[in-house]
Amino acid sequence: TVVIAPPDGHMGQYLAALQRLQTLDLVAIAPAHGRVLCEPQRLLAAIVTHRRQREAKVLAALQRAGHGTPETLVAEVYADTPAFLHLAARLSLQAHLINLVESGQALFRDGTWHALTAV
(Lines of atoms letter the chains of each structure in order from A and count residues from 1; the text may use other names and numbers.)
(Lines give C-alpha, C1' and ligand atoms only; values in the text may rest on other atoms or scores of the structure.)
Protein backbone atom coordinates (compact mmCIF):
# COMPACT_ATOMS: atom_id res chain seq x y z
CA THR A 1 0.00 0.00 0.00
CA VAL A 2 1.01 3.62 -0.31
CA VAL A 3 2.75 5.54 2.45
CA ILE A 4 0.54 8.19 4.04
CA ALA A 5 3.07 10.80 5.19
CA PRO A 6 1.97 13.72 7.38
CA PRO A 7 1.60 16.62 7.18
CA ASP A 8 0.49 16.34 3.55
CA GLY A 9 -0.88 12.82 3.92
CA HIS A 10 -3.90 12.48 6.20
CA MET A 11 -5.08 8.97 7.10
CA GLY A 12 -8.64 10.02 7.92
CA GLN A 13 -9.03 11.82 4.60
CA TYR A 14 -7.41 8.90 2.75
CA LEU A 15 -9.81 6.39 4.30
CA ALA A 16 -12.79 8.66 3.63
CA ALA A 17 -11.75 8.98 -0.03
CA LEU A 18 -11.46 5.20 -0.35
CA GLN A 19 -14.89 4.77 1.21
CA ARG A 20 -16.36 7.35 -1.21
CA LEU A 21 -14.85 5.39 -4.11
CA GLN A 22 -16.53 2.25 -2.76
CA THR A 23 -19.93 3.90 -3.29
CA LEU A 24 -19.29 4.33 -7.02
CA ASP A 25 -20.03 1.73 -9.67
CA LEU A 26 -16.42 1.47 -10.84
CA VAL A 27 -15.25 -0.93 -13.53
CA ALA A 28 -11.53 -0.23 -13.02
CA ILE A 29 -9.15 2.22 -11.38
CA ALA A 30 -6.40 3.86 -13.43
CA PRO A 31 -3.77 5.30 -11.06
CA ALA A 32 -1.41 8.08 -12.13
CA HIS A 33 1.31 5.44 -12.51
CA GLY A 34 1.29 1.68 -12.78
CA ARG A 35 -1.23 -0.61 -14.38
CA VAL A 36 -5.00 -0.30 -14.59
CA LEU A 37 -6.55 -2.08 -11.62
CA CYS A 38 -9.52 -4.34 -12.27
CA GLU A 39 -11.97 -5.51 -9.60
CA PRO A 40 -11.90 -2.10 -7.90
CA GLN A 41 -14.48 -2.90 -5.21
CA ARG A 42 -12.52 -5.93 -4.02
CA LEU A 43 -9.30 -3.91 -4.07
CA LEU A 44 -10.82 -0.94 -2.23
CA ALA A 45 -12.33 -3.20 0.43
CA ALA A 46 -8.97 -4.93 0.92
CA ILE A 47 -7.14 -1.61 1.30
CA VAL A 48 -9.67 -0.22 3.80
CA THR A 49 -9.58 -3.48 5.78
CA HIS A 50 -5.77 -3.47 5.78
CA ARG A 51 -5.63 0.14 7.02
CA ARG A 52 -8.23 -0.50 9.75
CA GLN A 53 -6.35 -3.61 10.90
CA ARG A 54 -3.08 -1.68 10.95
CA GLU A 55 -4.68 1.12 12.97
CA ALA A 56 -6.00 -1.47 15.44
CA LYS A 57 -2.41 -2.76 15.79
CA VAL A 58 -1.20 0.81 16.40
CA LEU A 59 -3.81 1.35 19.11
CA ALA A 60 -3.11 -2.03 20.74
CA ALA A 61 0.65 -1.36 20.81
CA LEU A 62 0.07 2.11 22.25
CA GLN A 63 -2.28 0.69 24.89
CA ARG A 64 0.25 -1.97 25.91
CA ALA A 65 3.07 0.57 26.14
CA GLY A 66 0.90 3.34 27.60
CA HIS A 67 2.71 5.84 25.41
CA GLY A 68 5.15 5.90 22.54
CA THR A 69 6.44 7.44 19.36
CA PRO A 70 6.54 6.15 15.79
CA GLU A 71 10.18 5.23 16.42
CA THR A 72 9.38 3.13 19.50
CA LEU A 73 6.23 1.50 18.09
CA VAL A 74 7.24 0.70 14.51
CA ALA A 75 8.96 -2.66 15.13
CA GLU A 76 5.88 -4.08 16.87
CA VAL A 77 3.22 -2.55 14.63
CA TYR A 78 5.07 -3.42 11.42
CA ALA A 79 6.51 -6.78 12.52
CA ASP A 80 5.15 -8.21 9.25
CA THR A 81 7.14 -5.68 7.20
CA PRO A 82 10.86 -5.99 6.38
CA ALA A 83 12.97 -3.82 8.71
CA PHE A 84 14.47 -1.87 5.81
CA LEU A 85 10.97 -0.44 5.17
CA HIS A 86 10.43 0.69 8.77
CA LEU A 87 11.66 4.22 8.09
CA ALA A 88 8.84 4.71 5.57
CA ALA A 89 6.43 2.76 7.78
CA ARG A 90 7.00 5.26 10.60
CA LEU A 91 5.38 7.92 8.42
CA SER A 92 2.20 5.90 7.97
CA LEU A 93 2.32 4.99 11.67
CA GLN A 94 2.38 8.69 12.51
CA ALA A 95 -0.63 9.20 10.22
CA HIS A 96 -2.47 6.44 12.11
CA LEU A 97 -1.55 8.06 15.44
CA ILE A 98 -2.93 11.40 14.24
CA ASN A 99 -6.12 9.64 13.14
CA LEU A 100 -6.41 8.04 16.60
CA VAL A 101 -6.11 11.49 18.19
CA GLU A 102 -8.76 12.88 15.85
CA SER A 103 -11.10 9.99 16.73
CA GLY A 104 -10.58 10.53 20.48
CA GLN A 105 -8.66 7.32 21.13
CA ALA A 106 -5.23 8.86 21.78
CA LEU A 107 -3.58 12.16 22.56
CA PHE A 108 -0.26 13.79 21.74
CA ARG A 109 1.48 15.50 24.65
CA ASP A 110 5.09 16.52 25.22
CA GLY A 111 6.28 14.81 22.04
CA THR A 112 4.71 11.47 22.94
CA TRP A 113 1.52 9.70 21.90
CA HIS A 114 -0.70 8.34 24.70
CA ALA A 115 -3.57 5.85 24.56
CA LEU A 116 -6.79 7.14 26.10
CA THR A 117 -8.22 3.68 26.56
CA ALA A 118 -6.77 0.68 28.37
CA VAL A 119 -6.05 -2.72 26.84
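For the sequence shown, my numbering begins at 23 and goes up steadily by one.
Backbone N, C-alpha and C fix where the C-beta goes; we use that ideal spot for every residue, glycine too.
Every value quoted in this text rests on a predicted model; they were computed, and no experiment measured them.
* Asked: So, helix, strand or coil for Arg57, using DSSP?
  -> Coil, per DSSP.
* To do: State yes or no: is the C-beta of Ile51 within less than 8 Å of the C-beta of Pro62?
  => It is a contact, given that the beta carbons lie within the stated cut-off.
* **Secondary structure of Thr103, DSSP reduced to three states** => Look at Thr103 here: in three-state DSSP terms it is coil, with no helix or strand label.
* Asked: How would you write the range of the beta strand (DSSP E) that Leu129 sits in, first residue to last?
  -> Per DSSP, the unbroken beta strand (DSSP E) holding Leu129 starts and ends at 128-131.
* Asked: Hey, Glu77 and Leu138 are a contact pair by Cβ (cut 8 Å); roughly how many whole angstroms apart?
  -> About 14 Å separates the beta carbons of Glu77 and Leu138, which is beyond the 8 Å limit, so they are not a contact pair.
* May I have the straight-line CA-CA distance separating Ala101 from Leu84, to the nearest angstrom? => Rounded to the nearest angstrom, the two C-alpha atoms are 15 Å apart.
* Which class does Ala27 belong to by DSSP, given the choice of helix, strand or coil? -> Note: Ala27 maps to coil in three-state DSSP.
* Asked: Relative to the C-alpha of Ala87, which residue among His55, Leu37, Leu109, Ala128 is closest?
  -> Out of His55, Leu37, Leu109, Ala128, Ala128 has the C-alpha closest to the C-alpha of Ala87.
* Asked: Going straight from the alpha carbon of Gly31 to that of Ser114, what length do you get?
  -> Separation of Gly31 and Ser114 (C-alpha to C-alpha, rounded to the nearest whole angstrom) is 9 Å.
* Rank Leu81, Leu66, His108, Pro104 by C-alpha distance to the C-alpha of Glu93 and give the top, closest one. => Nearest C-alpha to Glu93: His108.
* **Cβ pair His89, Met33 closer than 8 Å** => In this structure, the beta-carbon distance from His89 to Met33 does not fall below 8 Å.
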